[in-house]
Amino acid sequence: MIRRDDETAGHHYVCPCGCQRLYYAPHAVVSGSVETGDLTLTPSLWHNAVGCCGWHGWLRDGVFVSV
Ligand SMILES: [Zn+2]
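So the number in the working numbering is just where the residue sits in the sequence shown, counting from 1, plus 850.
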């Protein structure tokens, strides 16, 4: 699940690792969109803050890819 946040120009999404945490990313959009299902963000998504699950990967063409 990925949802664009129009107020902040970022995206909310459920972590793909299975921890079910809701994350927010203000990352730059390389190409695509949520509506067309081919969203690509940069830089990589890294859940490395205190209390986070540690997942690290990319969102490319609407698909989460683990590093
Ligand atoms: Zn996670």
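Glycine is no exception: its CB is placed at the ideal position from the N, C-alpha and C atoms.
Under the DSSP assignment, Trp905 falls outside any beta strand (DSSP E); it carries neither an H nor an E label.
Sorting Leu889, Gly868, Arg871, Cys869 by C-alpha distance to the C-alpha of His877 places Leu889 at the top. Restricting attention to Val879, Pro893, Ser916, His862, the CA atom closest to the CA of Leu872 is found in His862.
For Ser883, no beta strand (DSSP E) segment is defined, and its DSSP state is neither H nor E. Per DSSP, reduced to three states, the secondary structure at Ala859 is coil, with no helix or strand assignment. Look at Trp908: its beta carbon is at least 7 Å from all of the heavy atoms in ligand 1.
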